[in-house]
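First comes the structure, then the notes that go with it.
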Amino acid sequence: MTRIIAIIVTIAGALALTGCDGASHRASSGSASITVAETALTDNPGIAAALQNPVMTDSSLSDKSNDTAIRPPDRPRADTVPADRAAPGPEATIDTAQLMKAPPPVTSGTCHQCQVARNSLTLGALAAQQPDERAAGCAADLRYSASWTLHLPKGAPLFPDARVTEAAGTDKGVCALRVASFWTATPMKTVLDWYYTRAKNAGYNAEHRAIGQEHILSGMRKGDDSSYALFLKPRSGGGTEIDLVASGGS
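Using the UniProt record's numbering, read the sequence shown as starting at 1 and increasing by one per residue.
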(Lines of atoms letter the chains of each structure in order from A and count residues from 1; the text may use other names and numbers.)
(Lines give C-alpha, C1' and ligand atoms only; values in the text may rest on other atoms or scores of the structure.)
Protein backbone atom coordinates (compact mmCIF):
# COMPACT_ATOMS: atom_id res chain seq x y z
CA MET A 1 0.00 0.00 0.00
CA THR A 2 2.94 2.40 0.85
CA ARG A 3 4.47 1.70 -2.56
CA ILE A 4 1.24 2.50 -4.39
CA ILE A 5 0.85 5.77 -2.47
CA ALA A 6 4.41 6.73 -3.41
CA ILE A 7 3.63 6.07 -7.09
CA ILE A 8 0.55 8.24 -6.98
CA VAL A 9 2.38 11.08 -5.21
CA THR A 10 5.27 11.00 -7.70
CA ILE A 11 2.99 11.05 -10.75
CA ALA A 12 0.86 13.83 -9.25
CA GLY A 13 3.96 15.88 -8.54
CA ALA A 14 5.26 15.43 -12.06
CA LEU A 15 1.98 16.52 -13.57
CA ALA A 16 1.79 19.49 -11.20
CA LEU A 17 5.19 20.73 -12.36
CA THR A 18 4.05 20.70 -15.97
CA GLY A 19 1.10 22.88 -15.03
CA CYS A 20 3.35 25.67 -13.76
CA ASP A 21 4.58 26.71 -17.21
CA GLY A 22 3.49 30.05 -18.50
CA ALA A 23 0.95 30.71 -21.17
CA SER A 24 3.67 30.79 -23.81
CA HIS A 25 4.34 27.08 -23.30
CA ARG A 26 0.72 25.89 -23.38
CA ALA A 27 0.90 24.79 -26.98
CA SER A 28 3.39 22.10 -26.08
CA SER A 29 2.09 21.34 -22.57
CA GLY A 30 0.51 18.06 -23.62
CA SER A 31 3.68 16.49 -24.97
CA ALA A 32 5.75 17.97 -22.14
CA SER A 33 3.48 16.44 -19.52
CA ILE A 34 3.79 13.04 -21.11
CA THR A 35 7.58 13.34 -21.31
CA VAL A 36 7.94 14.36 -17.66
CA ALA A 37 5.63 11.55 -16.52
CA GLU A 38 7.50 8.95 -18.56
CA THR A 39 10.84 10.15 -17.17
CA ALA A 40 9.55 9.99 -13.60
CA LEU A 41 8.35 6.45 -14.09
CA THR A 42 11.40 5.07 -15.89
CA ASP A 43 14.04 6.79 -13.74
CA ASN A 44 12.58 5.59 -10.43
CA PRO A 45 13.46 1.89 -9.95
CA GLY A 46 10.87 1.44 -7.20
CA ILE A 47 8.05 2.75 -9.35
CA ALA A 48 9.13 0.74 -12.38
CA ALA A 49 9.30 -2.47 -10.35
CA ALA A 50 5.89 -1.85 -8.80
CA LEU A 51 4.28 -1.26 -12.18
CA GLN A 52 5.85 -4.40 -13.64
CA ASN A 53 4.66 -6.66 -10.83
CA PRO A 54 1.61 -8.83 -11.62
CA VAL A 55 -1.72 -7.63 -10.26
CA MET A 56 -2.69 -9.61 -7.19
CA THR A 57 -6.18 -11.08 -7.11
CA ASP A 58 -8.14 -13.23 -4.66
CA SER A 59 -10.10 -15.90 -6.52
CA SER A 60 -12.27 -16.51 -3.46
CA LEU A 61 -13.64 -12.97 -3.78
CA SER A 62 -14.11 -12.90 -7.55
CA ASP A 63 -17.76 -13.90 -7.33
CA LYS A 64 -18.51 -11.15 -4.80
CA SER A 65 -18.07 -8.23 -7.17
CA ASN A 66 -21.16 -6.11 -7.80
CA ASP A 67 -23.09 -7.93 -5.09
CA THR A 68 -25.47 -5.01 -4.80
CA ALA A 69 -25.82 -4.38 -8.53
CA ILE A 70 -29.27 -4.78 -10.11
CA ARG A 71 -29.28 -7.51 -12.71
CA PRO A 72 -31.99 -9.64 -14.36
CA PRO A 73 -32.76 -12.97 -12.68
CA ASP A 74 -31.45 -16.17 -14.22
CA ARG A 75 -35.00 -17.56 -14.34
CA PRO A 76 -38.58 -16.23 -13.97
CA ARG A 77 -39.86 -15.99 -10.43
CA ALA A 78 -42.50 -18.56 -9.64
CA ASP A 79 -44.43 -16.31 -7.25
CA THR A 80 -44.92 -13.22 -9.41
CA VAL A 81 -48.46 -14.13 -10.55
CA PRO A 82 -50.88 -15.89 -8.18
CA ALA A 83 -52.37 -19.14 -9.39
CA ASP A 84 -55.77 -18.74 -10.98
CA ARG A 85 -57.69 -21.00 -8.65
CA ALA A 86 -61.32 -20.73 -7.71
CA ALA A 87 -62.12 -19.65 -4.20
CA PRO A 88 -64.31 -21.91 -2.05
CA GLY A 89 -67.80 -21.96 -3.54
CA PRO A 90 -71.11 -21.00 -1.99
CA GLU A 91 -72.46 -24.55 -1.86
CA ALA A 92 -72.74 -24.34 1.91
CA THR A 93 -75.33 -21.55 1.49
CA ILE A 94 -77.33 -23.46 -1.12
CA ASP A 95 -79.71 -26.09 0.14
CA THR A 96 -79.22 -28.58 -2.66
CA ALA A 97 -81.92 -30.79 -1.15
CA GLN A 98 -84.49 -28.15 -2.13
CA LEU A 99 -83.32 -27.96 -5.76
CA MET A 100 -85.06 -29.70 -8.64
CA LYS A 101 -82.78 -31.90 -10.70
CA ALA A 102 -82.07 -30.68 -14.20
CA PRO A 103 -82.93 -33.33 -16.81
CA PRO A 104 -80.07 -35.23 -18.45
CA PRO A 105 -78.70 -33.37 -21.47
CA VAL A 106 -79.63 -34.23 -25.02
CA THR A 107 -76.37 -35.07 -26.76
CA SER A 108 -77.63 -36.31 -30.13
CA GLY A 109 -78.71 -34.37 -33.20
CA THR A 110 -77.74 -30.86 -34.23
CA CYS A 111 -77.20 -28.29 -31.49
CA HIS A 112 -77.48 -24.86 -33.10
CA GLN A 113 -77.00 -23.06 -29.80
CA CYS A 114 -73.82 -25.01 -29.11
CA GLN A 115 -72.26 -23.80 -32.35
CA VAL A 116 -73.42 -20.25 -31.68
CA ALA A 117 -71.73 -20.29 -28.27
CA ARG A 118 -68.46 -21.53 -29.74
CA ASN A 119 -68.41 -19.01 -32.58
CA SER A 120 -69.47 -15.90 -30.64
CA LEU A 121 -66.56 -13.72 -29.53
CA THR A 122 -68.70 -11.19 -27.62
CA LEU A 123 -71.90 -11.19 -25.60
CA GLY A 124 -73.49 -9.03 -28.28
CA ALA A 125 -72.71 -11.61 -30.95
CA LEU A 126 -74.11 -14.34 -28.73
CA ALA A 127 -77.36 -12.42 -28.19
CA ALA A 128 -77.67 -11.58 -31.90
CA GLN A 129 -77.81 -15.26 -32.84
CA GLN A 130 -80.46 -16.38 -30.37
CA PRO A 131 -83.52 -18.21 -31.72
CA ASP A 132 -85.69 -15.68 -29.86
CA GLU A 133 -86.14 -13.06 -32.60
CA ARG A 134 -86.87 -10.30 -30.11
CA ALA A 135 -83.59 -10.93 -28.29
CA ALA A 136 -81.67 -11.11 -31.56
CA GLY A 137 -83.24 -7.88 -32.80
CA CYS A 138 -82.31 -5.97 -29.65
CA ALA A 139 -78.66 -7.06 -29.57
CA ALA A 140 -77.48 -4.06 -31.60
CA ASP A 141 -78.68 -1.70 -28.84
CA LEU A 142 -76.78 -3.35 -25.99
CA ARG A 143 -74.89 -1.06 -23.62
CA TYR A 144 -72.14 -2.58 -21.49
CA SER A 145 -72.18 -2.10 -17.72
CA ALA A 146 -72.00 -4.46 -14.76
CA SER A 147 -75.07 -2.73 -13.31
CA TRP A 148 -77.29 -4.66 -15.75
CA THR A 149 -76.85 -7.73 -13.56
CA LEU A 150 -79.06 -5.97 -11.00
CA HIS A 151 -81.96 -6.11 -13.46
CA LEU A 152 -81.97 -9.76 -14.47
CA PRO A 153 -85.35 -11.53 -14.47
CA LYS A 154 -86.37 -13.64 -11.47
CA GLY A 155 -86.26 -16.78 -13.57
CA ALA A 156 -82.60 -16.23 -14.49
CA PRO A 157 -80.91 -14.19 -11.75
CA LEU A 158 -77.23 -13.87 -11.02
CA PHE A 159 -75.87 -16.97 -9.32
CA PRO A 160 -74.87 -16.58 -5.65
CA ASP A 161 -71.18 -15.79 -5.26
CA ALA A 162 -70.89 -15.05 -9.00
CA ARG A 163 -67.85 -13.12 -10.21
CA VAL A 164 -69.06 -10.93 -13.07
CA THR A 165 -66.57 -10.40 -15.90
CA GLU A 166 -68.86 -8.59 -18.34
CA ALA A 167 -72.49 -7.53 -18.63
CA ALA A 168 -74.72 -5.53 -20.94
CA GLY A 169 -78.37 -4.72 -21.50
CA THR A 170 -80.92 -2.51 -23.18
CA ASP A 171 -84.45 -1.28 -22.50
CA LYS A 172 -84.71 0.65 -25.74
CA GLY A 173 -88.18 0.53 -27.27
CA VAL A 174 -89.73 -2.90 -26.79
CA CYS A 175 -86.40 -4.40 -25.77
CA ALA A 176 -85.71 -5.87 -22.35
CA LEU A 177 -82.48 -7.71 -23.08
CA ARG A 178 -79.88 -8.70 -20.49
CA VAL A 179 -76.60 -10.51 -21.10
CA ALA A 180 -73.86 -11.37 -18.61
CA SER A 181 -70.69 -13.37 -18.38
CA PHE A 182 -69.57 -14.61 -14.97
CA TRP A 183 -68.09 -17.54 -13.11
CA THR A 184 -68.54 -19.32 -9.83
CA ALA A 185 -66.53 -21.81 -7.81
CA THR A 186 -69.58 -24.08 -7.63
CA PRO A 187 -69.55 -27.29 -9.71
CA MET A 188 -71.64 -27.31 -12.87
CA LYS A 189 -74.15 -29.91 -11.66
CA THR A 190 -75.23 -27.67 -8.78
CA VAL A 191 -75.35 -24.62 -11.06
CA LEU A 192 -77.57 -26.44 -13.56
CA ASP A 193 -79.95 -27.65 -10.84
CA TRP A 194 -80.11 -24.16 -9.30
CA TYR A 195 -81.02 -22.43 -12.57
CA TYR A 196 -83.40 -25.19 -13.59
CA THR A 197 -85.27 -24.73 -10.30
CA ARG A 198 -85.43 -20.94 -10.73
CA ALA A 199 -86.65 -21.21 -14.31
CA LYS A 200 -89.38 -23.75 -13.55
CA ASN A 201 -90.60 -21.78 -10.53
CA ALA A 202 -90.87 -18.68 -12.73
CA GLY A 203 -93.00 -20.49 -15.33
CA TYR A 204 -90.35 -21.20 -17.97
CA ASN A 205 -89.86 -24.49 -19.72
CA ALA A 206 -86.35 -25.91 -19.96
CA GLU A 207 -84.25 -27.76 -22.49
CA HIS A 208 -80.85 -29.16 -21.60
CA ARG A 209 -78.34 -29.89 -24.36
CA ALA A 210 -74.63 -30.64 -24.31
CA ILE A 211 -71.64 -31.20 -26.55
CA GLY A 212 -68.71 -32.60 -24.65
CA GLN A 213 -68.29 -30.56 -21.47
CA GLU A 214 -70.25 -27.57 -22.79
CA HIS A 215 -73.86 -27.39 -21.59
CA ILE A 216 -76.82 -25.22 -22.56
CA LEU A 217 -79.96 -24.74 -20.49
CA SER A 218 -82.61 -22.65 -22.25
CA GLY A 219 -86.33 -22.08 -22.34
CA MET A 220 -89.28 -19.74 -22.92
CA ARG A 221 -92.37 -18.72 -21.00
CA LYS A 222 -95.80 -18.73 -22.55
CA GLY A 223 -97.85 -15.60 -22.15
CA ASP A 224 -95.10 -12.98 -22.48
CA ASP A 225 -92.69 -14.87 -24.78
CA SER A 226 -89.76 -14.09 -22.51
CA SER A 227 -86.75 -16.36 -22.86
CA TYR A 228 -83.45 -17.29 -21.28
CA ALA A 229 -80.36 -19.22 -22.34
CA LEU A 230 -77.46 -20.30 -20.16
CA PHE A 231 -74.15 -21.45 -21.65
CA LEU A 232 -72.02 -23.33 -19.13
CA LYS A 233 -68.59 -24.94 -19.23
CA PRO A 234 -66.07 -26.11 -16.62
CA ARG A 235 -63.61 -23.49 -15.48
CA SER A 236 -59.90 -24.18 -15.43
CA GLY A 237 -58.88 -24.52 -11.80
CA GLY A 238 -62.38 -25.48 -10.65
CA GLY A 239 -65.88 -24.08 -10.85
CA THR A 240 -68.09 -23.09 -13.75
CA GLU A 241 -68.10 -20.34 -16.37
CA ILE A 242 -71.52 -19.05 -17.44
CA ASP A 243 -72.82 -16.83 -20.22
CA LEU A 244 -76.42 -15.72 -19.71
CA VAL A 245 -78.87 -14.24 -22.22
CA ALA A 246 -82.33 -13.22 -20.97
CA SER A 247 -85.02 -11.38 -22.89
CA GLY A 248 -88.26 -10.02 -21.42
CA GLY A 249 -89.66 -11.17 -18.14
CA SER A 250 -89.24 -9.53 -14.78
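Ideal placement from N, C-alpha and C gives every residue a C-beta, glycine not left out.
Exercise. Could you spell out the range, first to last residue, of the alpha helix (DSSP H) harbouring K235?
Key: Within the sequence shown, numbered from 1, the residue matching residue 235 stands at position 235. Contrary to the premise, residue 235 reads as Arg rather than Lys in this sequence. Per DSSP, R235 belongs to no alpha helix (DSSP H) and is neither H nor E.
Quiz item: Shortest alpha-carbon distance to P104 belongs to which of M220, W183, A206, L152?
Solution: The residue labelled residue 104 in the question sits at position 104 within the sequence shown. Of the candidates M220, W183, A206, L152, the one whose C-alpha sits nearest the C-alpha of P104 is A206.
Quiz item: What's the gap between the Cα of R235 and the Cα of G212?
Solution: In the sequence shown, counting from the first residue as 1, residue 235 sits at position 235. In the sequence shown, counting from the first residue as 1, residue 212 sits at position 212. When rounded, the distance between both Cα atoms is 14 Å.
Practice problem: Have a look at the DSSP bridge pairing and note the partners of R209. | Solution: Here residue 209 is taken as the residue at index 209 of the sequence shown, counted from 1. According to DSSP, which records beta bridges pairwise, R209 is partnered with V106, I216.
Self-check item: Nearest candidate by alpha-carbon position, reference A202, set G238, A127, D225, Y144
Solution: On the sequence shown, residue 202 is found 202 positions in, with the first residue counted as 1. Minimum Cα distance to A202 is reached at D225.
Quiz prompt | Cα-Cα separation between D161 and S227, rounded to whole angstroms | solution = Mapped onto the sequence shown, residue 161 falls at position 161. Mapped onto the sequence shown, residue 227 falls at position 227. Approximately 24 Å between the Cα atoms of the pair.
Quiz item: Which residues share a DSSP beta bridge with Y144?
Solution: Reading the sequence shown from its first residue, position 144 is the one you call residue 144. Its beta-bridge partners are A168.
Quiz item: According to DSSP, what are the bridge partners of N243?
Solution: By one-based count along the sequence shown, residue 243 stands at place 243. For the sequence presented, residue 243 should be read as Asp rather than Asn. D243 is bridged to S181, F231.
Practice problem: Would you mind stating whether L123 and A176 have Cβ atoms separated by less than 9 Å? | Solution: Position 123 of the sequence shown, counted from the first residue, corresponds to residue 123. Position 176 of the sequence shown, counted from the first residue, corresponds to residue 176. No, Cβ-Cβ distance for L123 and A176 is not below 9 Å.
Quiz prompt | Among G238, I242, G223, nearest to L217 - alpha-carbon criterion | solution = Against the sequence shown, residue 217 aligns to sequence position 217. Looking at the Cα atoms, I242 is the closest of the given residues.
Exercise. Let me know the secondary structure DSSP gives C111 once reduced to three states.
Key: In the sequence shown, counting from the first residue as 1, residue 111 sits at position 111. Note: C111 maps to coil in three-state DSSP.
Quiz item: Closest by CA to S147, which one among L158, A140, D141, C138?
Solution: On the sequence shown, residue 147 is found 147 positions in, with the first residue counted as 1. Looking at the Cα atoms, L158 is the closest of the given residues.
Quiz item: Are the beta-carbon atoms of T190 and L99 separated by less than 9 Å?
Solution: Here residue 190 refers to the residue found at position 190 when the sequence shown is read from its first residue. Here residue 99 refers to the residue found at position 99 when the sequence shown is read from its first residue. Yes, Cβ-Cβ distance for T190 and L99 is below 9 Å.
Self-check item: Pair within 9 Å by beta-carbon distance, S247 and C114
Solution: Here residue 247 corresponds to residue number 247 of the sequence shown, with the count starting at 1. Here residue 114 corresponds to residue number 114 of the sequence shown, with the count starting at 1. Not a contact, by the Cβ cut-off of 9 Å.
Quiz item: Y195: buried (16+ other C-beta within 10 angstroms of its C-beta) or exposed?
Solution: Sequence index remark: in the sequence shown, residue 195 carries index 195 (1-based). Buried: at least 16 other Cβ atoms inside 10 Å.
Self-check item: Straight-line gap, A92 to Y144 (C-alpha atoms, nearest Å)
Solution: Here residue 92 refers to the residue found at position 92 when the sequence shown is read from its first residue. Here residue 144 refers to the residue found at position 144 when the sequence shown is read from its first residue. Residue confidence for A92 is low, a pLDDT of 46 falling below 50, so the modelled location carries little weight and cannot support an answer.
Quiz item: Which residues share a DSSP beta bridge with A226?
Solution: Here residue 226 is taken as the residue at index 226 of the sequence shown, counted from 1. The question names Ala, but residue 226 is Ser in the sequence shown. Answer is R221, bridged to S226.
Quiz item: Using the C-alpha atoms, what's the distance from A199 back to S250?
Solution: On the sequence shown, position 250 is the one that residue 250 refers to. On the sequence shown, position 199 is the one that residue 199 refers to. For S250 and A199, the distance between alpha carbons rounds to 12 Å.
Quiz item: Between which two residues does the alpha helix (DSSP H) containing C175 stretch?
Solution: Position 175 of the sequence shown, counted from the start, is the residue given in the question as residue 175. It is not in any alpha helix (DSSP H) - C175 carries neither H nor E in the DSSP assignment.
Exercise. Please confirm whether A135 and A127 have their CB atoms less than 9 Å apart.
Key: Residue numbering aside, residue 135 sits at position 135 when the sequence shown is read from its first letter. Residue numbering aside, residue 127 sits at position 127 when the sequence shown is read from its first letter. Their beta carbons are under 9 Å apart, which means A135 touches A127 by this criterion.
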